[in-house]
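With the numbering used here as the guide, the letters of the sequence shown map in order to residues 26 to 288. These notes concern the structure reproduced below.
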Amino acid sequence: MVTLQDELVRTVVYEHPKALTEVPTHYCPGCTHGIAHRLVAEVIDELDIREHTVVVVPVGCAVFAYDYFNLDGVEAPHGRAPAMATGIKRSLRDRIVFTYQGDGDLAAIGTAEIIHAAARGENITTVFINNAIYGMTGGQMAPTTLPGQQTTSSPRGRDIRLAGNPLRITELLAQIDGTCYAVRRSLHSVREIRRAKKALMTAFRTQVNGLGFSIVELLSSCPTNWGITPPDSLKWIEDNMVPFYPLNDFKVSDSVLTMESGA
């Protein structure tokens with residue numbers, strides 16, 4: 026006789042995504058790159074596109090992402106992931122191609138690449154990790170570093186009179202005609218993580234349906250370079266990053282709205 030307890034024991038509620046390899050990552054304790062990886066992997070699994078998906082990984086903290094995603098992956102020169110993704114997508118149109126980029130890779134050396142990929146309306150997806158700092162190279166000021174934020178290269182805080190204002194990349198890309206989906210989410214709470222996954226699902230579906238360029242920006246933690254504990258880093262995102270980088274849908278084209286409505 027099968028009891029209710031037996032049924033509960035056999036019910037799978039959480040398992041390793043097929044789109045992730047079962048290896049430890051190199052990320053620092055409290056870094057939310059791991060969460061972002063899992064969300065992307067879950068979306069790929071649920072869309073059943075793993076066998077023909079290609080990830081283009083950056084120079085930065087996620088430089089070894091091709092070891093963590095269980096799918097085809099290539100390493101791009103610093104900042105050039107959108108250009109490489111463009112070449113792959115145009116050559117192999119049946120592939121789902123996404124770039125996974127940090128703020129230094131995308132918003133500094135790679136600014137021109139991401140802007141022109143969006144302007145061309147390339148049918149690729151970008152996952153943009155914004156932790157407001159250069160993580161891999163030692164915690165220097167990034168294009169996304171907040172005004173007054175202390176880093177190893179701005180020990181007295183970012184002075185906008187000298188360094189200029191931070192770039193709000195997703196708002197910028199939302200103004201470009203070729204962009205069809207541009208949103209910002211965060212990874213600092215369970216609620217926001219769930220919203221982030223939903224946005225990633227929409228972005229990948231946008232590409233599957235051939236609608237054009239899509240980007241999901243994810244506010245992420247860097248407790249090591251911020252010099253605070255992992256729990257405090259999540260609070261720092263909520264208290265400091267979210268007010269400056271509001272969570273919003275900055276562009277959802279009519280074609281995406283039609284796709285989401287099932288019409």
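Every residue, glycine too, gets a C-beta built ideally from N, C-alpha and C.
Please name the residue in 39, 150, 202 and 195 whose C-alpha comes closest to that of residue 278. Comparing Cα positions, the closest option is 202.
With 16 other CB atoms within 10 Å as the buried threshold, where does residue 124 fall? buried
Cβ-Cβ distance between residue 121 and residue 151 below 7 Å: no
Using the rule of at least 16 other Cβ atoms within 10 Å of the residue's Cβ for burial, across every protein chain shown, is residue 40 buried or exposed? exposed
Is the segment 254-267 close to the segment 68-78, with three or more CB pairs under 8 Å? no
6 Å CB neighbourhood of residue 131 in its chain, flanking five on each side removed: 139 and 153
Which residue comes first and which comes last in the beta strand (DSSP E) that contains residue 206? 204-211
Out of curiosity, what's the CA-to-CA distance linking residue 159 and residue 187? 18 Å
Cα-Cα separation, residue 218 to residue 87: 19 Å
Going by the CB atoms, is the gap between residue 208 and residue 274 shorter than 7 Å? yes
First and last residue of the uninterrupted beta strand (DSSP E) at residue 233: Counting along the chain, residue 233 falls outside any beta strand (DSSP E), though it belongs to the alpha helix (DSSP H) covering 215-233.
Based on the DSSP output, what are the partners of residue 100 in its beta bridges? Residue pairing of residue 100 in beta bridges, as defined by DSSP: 82.
Should residue 170 be labelled buried (16 or more other beta-carbon atoms within 10 Å of its own) or exposed? Buried, since its Cβ has 16 or more Cβ neighbours within 10 Å.
How about residue 44 and residue 70: do their beta carbons lie closer than 7 Å? yes
Could you please give the first and the last residue of the uninterrupted alpha helix (DSSP H) stretch that includes residue 257? 255-261
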